[in-house]
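J.: Going by the numbering used here, the sequence shown opens with residue 12, and the numbers climb by one from there.
Take a look at the following structure, please.
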Amino acid sequence: MSVNRVARLLAAFAVSASVITAFPAQGKSTDEAARQSTPSVLSARTLALGASHTCAITPQGGVKCWGRNDGGQLGDGTTENRTAPVDVRGLRSGVRAITAGAAHTCALMDSGSVKCWGVWAPSRIETERRSSTVPVDIPDLDRDVMAIAAGGEHTCALTRQGSVLCWGENHSGQLGIGQLFGSYDAPVQVRGLGGRAQAIAAGRSHTCALLDGGEIACWGENNSGQLGLDMISTGGMASPKRVQGLRSKAVAITAGAEHTCALSDRGEVFCWGDNREGQLGDGTPKRVGGVSQVVGLPRPVRQFSAGSWHTCAVLTDGSAVCWGGGSFGKLGNGEWINSSVPVAVSGLNRDVREVAVGGDHTCTVLSNNQVLCWGSNLDGQLGVRESGQSRVPANVVGLTGAAQAVAAGGSFTCALTQANGVRCWGSNDYGVLGNAGTTDSLTPVDVAGLSASVRAVDAGVNHACAVTTGGRVRCWGYNWSGQLGDGTTESRSEPVSVQGLSGVRAVAVGALHTCALLEAGNVRCWGSNQYGQLGEGTPAERRTPVADVQLGGSARAIAAGDNHTCALMTNGKVKCWGINDRGQLGNGSTMTRSVTPMDVQGLDDEVVAIDASTHTCALMRDGSVRCWGDNLYGALGDGTREDARTPVRVQGLGGKVRALALGGFFTCALLESGSVQCWGSDLFGQLGRSSAKGEWSKPGAVQGLAGTAQSISAGEDHVCAVLSSGAVQCWGRNFSGQLGNGMAGYRMLPTEVVSQ
12 MSVNRVARLL AAFAVSASVI TAFPAQGKST DEAARQSTPS VLSARTLALG
62 ASHTCAITPQ GGVKCWGRND GGQLGDGTTE NRTAPVDVRG LRSGVRAITA
112 GAAHTCALMD SGSVKCWGVW APSRIETERR SSTVPVDIPD LDRDVMAIAA
162 GGEHTCALTR QGSVLCWGEN HSGQLGIGQL FGSYDAPVQV RGLGGRAQAI
212 AAGRSHTCAL LDGGEIACWG ENNSGQLGLD MISTGGMASP KRVQGLRSKA
262 VAITAGAEHT CALSDRGEVF CWGDNREGQL GDGTPKRVGG VSQVVGLPRP
312 VRQFSAGSWH TCAVLTDGSA VCWGGGSFGK LGNGEWINSS VPVAVSGLNR
362 DVREVAVGGD HTCTVLSNNQ VLCWGSNLDG QLGVRESGQS RVPANVVGLT
412 GAAQAVAAGG SFTCALTQAN GVRCWGSNDY GVLGNAGTTD SLTPVDVAGL
462 SASVRAVDAG VNHACAVTTG GRVRCWGYNW SGQLGDGTTE SRSEPVSVQG
512 LSGVRAVAVG ALHTCALLEA GNVRCWGSNQ YGQLGEGTPA ERRTPVADVQ
562 LGGSARAIAA GDNHTCALMT NGKVKCWGIN DRGQLGNGST MTRSVTPMDV
612 QGLDDEVVAI DASTHTCALM RDGSVRCWGD NLYGALGDGT REDARTPVRV
662 QGLGGKVRAL ALGGFFTCAL LESGSVQCWG SDLFGQLGRS SAKGEWSKPG
712 AVQGLAGTAQ SISAGEDHVC AVLSSGAVQC WGRNFSGQLG NGMAGYRMLP
762 TEVVSQ
């Protein structure tokens with residue numbers, strides 16, 4: 012390498028070790044940076060949140076859902092949980108409103124009909140349950156429904172005539188038909204409303220209706236005073252009862268699990284029912300029964316929503332506040348503690364149009380239709396693919412750009428998409444992103460001219476190459492030593508064809524050189540040859556591919572390190588050539604370089620894969636790993652800091668290894684279980700652990716992957732993994748945006764790569 016890695020690493024640490032949080036692009040304000048790096052996210056007209064799932068109406072009138080799906084409540088024809096939005100089958104348009112219960116979802120169509128999916132009519136007898144993993148029509152409803160509301164296990168519809176019909180579970184009288192038992196799979200009319208209903212809301216086991224004149228009637232479970240009767244009853248109310256103690260005319264209602272809230276015509280909020288976690292917002296966390304006013308609202312409320320244990324509201328200035336239970340960070344203020352008074356949601360500008368509250372999560376729709384969610388994500392209900400929770404709003408990502416494979420370079424990353432195109436992100440020095448420019452990008456951009464014809468991609472320090480489906484090689488980026496193979500030393504911001512190559516099976520990109528494996532098993536290299544890394548017997552630089560490397564047999568895989576190259580032969584042996592100052596050729600010698608291939612000692616014929624950086628590693632047939640070369644930071648994984656001139660066994664791997672990825676001074680392994688383990692330098696969090704400790708000489712698990720990994724790639728100081736879903740997560744150094752998460756600043760745990 013032309014620049015010493017150790018010097019670069021120490022210099023970088025000197026200026027940036029204190030930076031551990033995300034920051035905007037250099038020289039830009041936070042707002043400006045956000046505008047220029049906004050990822051492609053889900054757009055929605057409105058939302059509905061269930062206990063552990065979320066649904067959205069798209070601008071086209073379709074429905075997408077994500078999260079828990081054990082009852083088929085996502086409507087995609089399966090019972091598999093989804094960590095990102097999926098289309099509800101058959102609902103691409105024509106949807107006016109949606110509502111979500113514990114394990115079911117319903118949609119109100121433009122025609123006035125209602126469709127439901129999930130477990131929408133429970134029964135204690137399994138064979139009598141009404142459930143479907145795709146939308147089904149609700150029978151016996153005329154096409155005049157104007158609103159719908161889903162409770163825990165029941166649903167209600169409001170007709171244009173002001174009547175209310177309900178169906179589902181009725182153990183507490185929540186259907187309002189005068190009895191406290193049974194389950195109904197078809198709508199039955201609520202009796203005794205005493206007026207024309209204008210709006211409806213459903214809690215876990217109770218229902219409320221806003222009547223003409225601003226009064227409210229409720230029925231069903233009342234164990235916490237959620238019916239607003241100034242009394243608590245354990246048996247439930249089978250018929251509607253008027254809420255007592257409202258001091259203003261109500262214009263809207265919402266219901267949580269065991270509490271209810273009303274919005275007055277003056278923008279005040281009144282709540283009643285369970286208040287154990289402060290969800291009534293009156294500053295007294297133990298009050299139950301009776302109506303109380305939410306205190307501390309900085310300005311009038313425009314829209315609101317109640318969940319299981321918390322309540323949120325949009326104020327007239329477009330900001331959002333929440334109160335109640337704070338577990339999983341669902342109040343959105345960065346804390347986990349309960350609050351009995353409203354607290355501001357962090358990270359939102361004053362452009363919130365709607366808020367929706369679920370069991371332990373919250374979502375908003377912004378004025379531009381963008382959806383952001385926070386709180387629990389144990390079932391994927393935030394739609395961000397990352398597990399755990401988010402204490403502040405996070406974008407719900409779209410589904411475009413799923414990857415087949417990923418290649419991490421020096422300060423940039425490229426992905427081979429499922430459409431066989433290439434997208435890159437991060438530093439764009441020398442045009443290494445391949446998009447005809449030199450401006451860094453915090454999110455993926457398309458490589459010019461490679462939209463649907465690529466089968467493999469690899470990345471080096473400052474250049475990248477792709478193998479096309481026709482067996483050609485195209486390269487872009489830095490070209491000081493002719494490593495692009497186009498016969499020049501001119502850097503290129505768009506892919507150029509490597510001259511004189513066809514029938515290529517794979518490409519390997521080093522610091523300043525490139526090699527190709529041909530279908531016949533021969534290897535050809537070009538670029539810098541200062542240390543003999545081209546393997547052609549001289550130290551002369553080559554700007555186009557030279558004659559075949561004399562391997563004495565056929566190769567089945569190749570790997571390019573900084574300044575050396577290795578080939579895995581068809582007989583299971585490994586040969587290496589180039590620099591050997593730290594023993595990276597593995598031949599046991601102390602010579603500083605070799606211009607021709609040398610046999611790696613002690614590997615027998617059991618090698619199935621190889622990778623190279625400043626050190627080299629081999630994956631053995633039994634799933635173990637052997638490494639050799641530079642070990643200053645423990646990258647060889649043998650528990651020492653001593654360089655090895657012949658292979659040493661990696662110690663402490665948690666299972667059989669399926670693939671390897673070597674970074675600057677560290678190593679990562681993909682295990683057969685789909686988990687990832689890393690070891691070596693951890694200066695920028697590239698080992699994926701929750702606390703960086705400088706270096707680790709033995710493997711440790713990467714924490715926070717949102718699924719099983721299918722492939723991995725390591726750059727200078729960062730790592731990326733393609734998950735089984737096709738999503739890409741990255742971690743480590745991110746000062747040039749090489750993690751692709753729309754921000755700069757390094758991350759010690761995996762973060763989602765977003766689409767632009």
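Glycine is no exception: its CB is placed at the ideal position from the N, C-alpha and C atoms.
Mind checking whether the beta-carbon of Tyr489 lies closer than 7 Å to any heavy atom of the ligand MG?
T.: This structure simply doesn't include the ligand MG, nor any ligand for that matter.
J.: Contact between the stretch 301 to 308 and the stretch 93 to 101: three or more CB pairs below 8 Å?
T.: With a cut-off of 8 Å, the stretch 93 to 101 and the stretch 301 to 308 do not count as touching, because too few Cβ pairs lie within range.
J.: Expressed to the nearest angstrom, what Euclidean distance is found between the alpha-carbon atoms of Val443 and Ser504?
T.: Computed Cα separation, rounded: 6 Å.
J.: For Ala531, count neighbouring Cβ atoms within 10 angstroms of its own Cβ and tell me buried if that reaches 16, exposed if not.
T.: So Ala531 ends up on the exposed side.
J.: Per DSSP, which one or two residues make a beta bridge with Ala161?
T.: Answer by DSSP bridge pairing, in chain order: Thr166.
J.: For Ser244, which residues in the same chain have their Cβ closer than 7 Å to its Cβ, ignoring the five residues on either side in sequence?
T.: Asn233, listed in sequence order.
J.: Would you say Ala228 and Gly247 are within 8 Å of each other, going by their C-beta atoms?
T.: No.
J.: Ser462 and Glu552 - do their beta-carbons sit closer together than 8 Å?
T.: No. Outside cutoff.
J.: Is Ser338 helix, strand or coil by DSSP?
T.: Residue state, collapsed to three classes: helix.
J.: What beta strand (DSSP E) runs, 3 residues minimum, are completely inside the stretch 228 to 257?
T.: Within the stretch 228 to 257, the complete beta strand (DSSP E) runs of at least 3 residues are 244 to 253.
J.: Just the Cα atoms here: how many angstroms apart are Ala377 and Cys323?
T.: Correcting the residue identity first, residue 377 is Leu in this sequence and not Ala. So the two alpha carbons sit approximately 15 Å from each other.
J.: In whole angstroms, give me the CA-to-CA distance for Arg277 and Ala261.
T.: Approximately 9 Å, taken between the alpha carbons.
J.: Between Val518 and the rest of its own chain, which residues show a CB-CB distance below 6 Å, the 5 nearest in sequence each way excluded?
T.: Answer for Val518: Asp469, Cys476, Val478, Val484 and Ala527, listed in chain order.
J.: Does the beta carbon of Ala672 sit closer than 8 Å to a beta carbon anywhere in chain C?
T.: Absent here is chain C; the protein component of the structure consists of one chain.
J.: With a 10 Å radius around its C-beta and 16 neighbouring C-beta atoms as the bar for buried, classify Leu388 as buried or exposed.
T.: Note that residue 388 is Asn in the sequence shown, not Leu. Buried, by the Cβ-count rule.
J.: When the Cα atoms are used, what is the spatial distance from Leu698 to Gly650?
T.: So the alpha carbons of these two residues sit roughly 16 Å apart.
J.: Taking Val325 and Ala355 to be in contact with their CB atoms under 8 Å, please state how far apart those CB atoms are, rounded to whole angstroms.
T.: Between Ala355 and Val325 the Cβ distance is about 12 Å, and since that is not below 8 Å, they are no contact.
J.: For Trp347 and Arg632, what's the separation of their Cα atoms in angstroms?
T.: Trp347 and Arg632: Cα-Cα distance of roughly 47 Å.
J.: I need the DSSP call for Asp276, collapsed to helix, strand or coil.
T.: Coil.
J.: Counting along the chain, where does the beta strand (DSSP E) carrying Ile149 start and finish?
T.: First-last for Ile149: undefined, no H or E at that position.
J.: Taking 8 Å as the limit between beta carbons, can you name the residues of its chain near Cys536, skipping five residues before and five after?
T.: Here the set comprises His524, Thr525, Cys526, Ala527, Gln544, Leu545, Gly546, Glu547, Arg553, Pro556, Val557, Val560 and Thr576.
J.: Opposite Leu176 in the DSSP bridges: which residues?
T.: For Leu176, which the question treats as bridged, DSSP gives the partners Ala168 and Gln200.
J.: Hey, how far is the Cα of Ala1 from the Cα of Gln84?
T.: Nothing about residue 1 can be reported from this structure: the residues present for the chain run from 12 to 767 only.
J.: Spell out the partners DSSP gives Trp588 in its beta bridges.
T.: DSSP, once it has assigned bridges, lists Thr576 as partnering Trp588.
J.: If you pair each beta-carbon of the stretch 583 to 598 with each one of the stretch 653 to 669, do three or more pairs fall below 8 Å?
T.: Touching, yes.
J.: Nearest-angstrom Cα distance between Arg604 and Ala720?
T.: In a straight line, the C-alpha of Arg604 is about 36 Å away from that of Ala720.
J.: Look at the Cβ atom of Ser452, then the Cβ atom of Gly726, and state whether they are nearer than 8 Å.
T.: No, the pair does not count as a contact, with Cβ atoms beyond the cut-off.
J.: Roughly how many angstroms lie between the CA atoms of Ser508 and Gly496, to the nearest whole one?
T.: Their backbone Cα atoms lie some 7 Å apart in a straight line.
J.: Drop a sphere of 10 angstroms on the beta-carbon of Ser271, count the other beta-carbons inside from all chains shown, and report buried for 16 or more, exposed for fewer.
T.: The amino acid occupying residue 271 in the given sequence is Thr; Ser does not appear at that position. Classification of Thr271: buried, given that the 10 Å Cβ count is 16 or more.
J.: My understanding is that Pro146 touches Gly86, with C-beta atoms under 8 Å, so please give their C-beta distance in whole angstroms.
T.: Confirmed, Cβ separation roughly 6 Å.
J.: Report yes if the CB atom of Thr110 is closer than 8 Å to the CB atom of Gly129, and no otherwise.
T.: No.
J.: Val585: which of Ser600, Asp616 and Asp592 sits nearest, CA to CA?
T.: Answer by Cα proximity: Asp616.
J.: Within 10 angstroms of the Cβ of Pro70, are there 16 or more other Cβ atoms? Answer buried if so, exposed if not.
T.: Classification for Pro70: exposed.
J.: Let me make sure I understand the geometry here. Which of Thr170, Val201 and Val156 has the alpha-carbon closest to that of Trp178?
T.: Among Thr170, Val201 and Val156, the Cα nearest to that of Trp178 is on Val201.
J.: Per DSSP, Trp491 forms a beta bridge with which residues?
T.: DSSP lists no partner for Trp491.
J.: On the CB-based measure, 16 or more other CB atoms within 10 Å of its CB, does Arg396 come out buried or exposed?
T.: Since pLDDT at Arg396 reaches only 47, below the 50 mark, its modelled position is unreliable, and the value read off the structure follows with that caveat. So Arg396 counts as buried.
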